[in-house]
Amino acid sequence: MNRRLMLAGGMLALVLTGCAGNKGDEQEAVVAQEAHKVTVTVTSKQVVPQTGVYSSTVQANVVNNIASQAAGRIRKLNVEVGDFVEQGQILAEMDQAQLDQAALTLKNNETELERLKALYDEGGVSQSDYETAELSYNVSKSTYDNLLENTILRAPVSGVITARNYDSGDMYAMSSPIYTLQQITPVKLLVPISEMDYTKVKQGDKVSLTVDAIPGRTFSGSVVRVYPVIDPSSHTFNVEVHVANTDRVIRPGMYARVTVTFGHNNSVVLPDTAVLKQQGSGVRTVFVLGSDNTVEARIVTIGLHFDGNYEILSGLEEGETVVVTGNSSLNEGDKVEVVE
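Written out as structure tokens, the structure reads:
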């Protein structure tokens, strides 16, 4: 009986030993299967343009309100809303009664001045009489020129008529301008840029912009003025940009996106899939591959995002091997298998 028990115990021990061996093999197999498959890239540096994209609204370069200096009857209106006019073109004509009277006065004073000048040259009149006549002529000339400018209303710049507030025959009462004229060649944009970039922008810098209302086209412009003060509420400053707009397709009021280039950096560039963002924070990490095929989590500082890549400002050196895909479930020290 004892011998039978001993044999049974021995067989049970062999079975348990075999099971234990199989369990150990399975654990080793599981560990082997836990090597993460990843793809990698070797970091390199490239020239990265330092650009910023800003929203702005197109404005006319110049807005002129066309009006007479004094109230009076509008005799004739020569242009309509939407008309393009040239500098110096007659837009409107006011009642000319005062202008005609001023013209007569000027002519009389001119004749009198010429008569007295001849006498003065011969010693027939005193210098004070001649200077009085000369003064009267100059005053009448100034009066006539002012009335002419405010009776025959001309375009001070070339542009487009964007408003007409009166009809021919109306009594102009100085409450609103007769016309509004806007110069749109060029147009301008006031671009709000962060105060951190104040020292990077200068007059003459080139910019590019797109306009939502004109898809598929990119326009070129330049910085003509950097405003000298910072808005304390938004911490931005305005940069005035001019766009030639020679074909007049860009119109005031259109929404635009302006790209400003501040210079260039020589930086490490990585595919954006290689950079992971820690939830609940702005910390960005990458996994760097070591010589033993284990990974190290590395915090990096990112710069611009462009064409599916991130500019890396700090945290990586050129020539390091970084995991690009398969990194979402990695932890510090994990072993990986690099695949093509």
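According to mature numbering (1 follows the signal peptide of the UniProt record, and there is no 0), the sequence shown holds residues -20 to -1, 1 to 320 in order.
Just so you know, even glycine gets a beta-carbon here, dropped at the ideal spot from N, CA and C.
Values in this document were obtained by computation on a predicted structure and should not be read as measured data.
Q. How many whole angstroms separate the CB atoms of residue 249 and residue 28, which I take to be in contact at a CB cut-off of 8 angstroms?
A. 7 angstroms
Q) When we look at the beta-carbon of residue 72 and count the other beta-carbons within 10 Å, is it buried (16 or more) or exposed? A) buried
(Q) Spatial neighbours of residue 313 within its chain, please: C-beta separation below 6 angstroms, excluding the five flanking residues on both sides. (A) 274
Q.
Do residue 238 and residue 169 have their beta-carbon atoms positioned less than 8 angstroms apart in this structure?
A. yes
Q: Could you check the C-alpha separation between residue 68 and residue 247 for me, to the nearest Å?
A: 55 angstroms
(Q) Restricting to runs no shorter than 3 residues, where is the beta strand (DSSP E) found entirely within the stretch 256 to 294? (A) 264 to 269, 275 to 286 and 289 to 294
**Q.** Bridge partner(s) assigned by DSSP for residue 222
**A.** 168 and 202
Q) Are the CB atoms of residue 199 and residue 181 nearer to each other than 8 angstroms? A) no
Q | Separation of residue 15 from residue 6, as counted between CA atoms | A | Interpretation of residue 6 is limited by its pLDDT of 49, a score under 50 that renders its predicted location unreliable; the figure taken from the coordinates is listed afterwards. Distance between the alpha carbons of residue 6 and residue 15: 15 angstroms.
Q.
To the nearest angstrom, how far is the alpha carbon of residue 17 from that of residue 310?
A. 10 angstroms
Q: Report the rounded CA-to-CA distance for residue 53 versus residue 216, giving the unit in angstroms.
A: 48 angstroms
Q) DSSP three-state call for residue 146: helix, strand or coil? A) coil
Q. Based on the DSSP output, what are the partners of residue 53 in its beta bridges?
A. 151
Q. Per DSSP, residue 74 is paired with what?
A. 54
Q | Delimiting residues of the alpha helix (DSSP H) encompassing residue 133 | A | Careful: residue 133 lies outside any alpha helix (DSSP H), inside the beta strand (DSSP E) at 132 to 134.
Q.
Going by DSSP, what residue range makes up the beta strand (DSSP E) through residue 302?
A. 301 to 305
Q | Assigned exposure category for residue 99 - 16 Cβ within 10 Å defines buried | A | exposed
**Q.** Rounded separation between residue 59 and residue 152 - CA only
**A.** 17 angstroms
Q) Whose C-beta lies closer than 8 angstroms to the C-beta of residue 164 among residues of the same chain, with five residues either side of it excluded? A) 40, 41, 139, 140, 225, 228, 230, 231 and 232
Q | Opening and closing residue of the beta strand (DSSP E) in which residue 317 lies | A | 316 to 318
(Q) On the CB-based measure, 16 or more other CB atoms within 10 Å of its CB, does residue 11 come out buried or exposed? (A) Residue placement at residue 11 cannot be trusted, given a pLDDT of 47 that sits under 50; the coordinates are not used to answer.
Q. From residue 251 to residue 185, what distance separates their C-alpha atoms?
A. 30 angstroms
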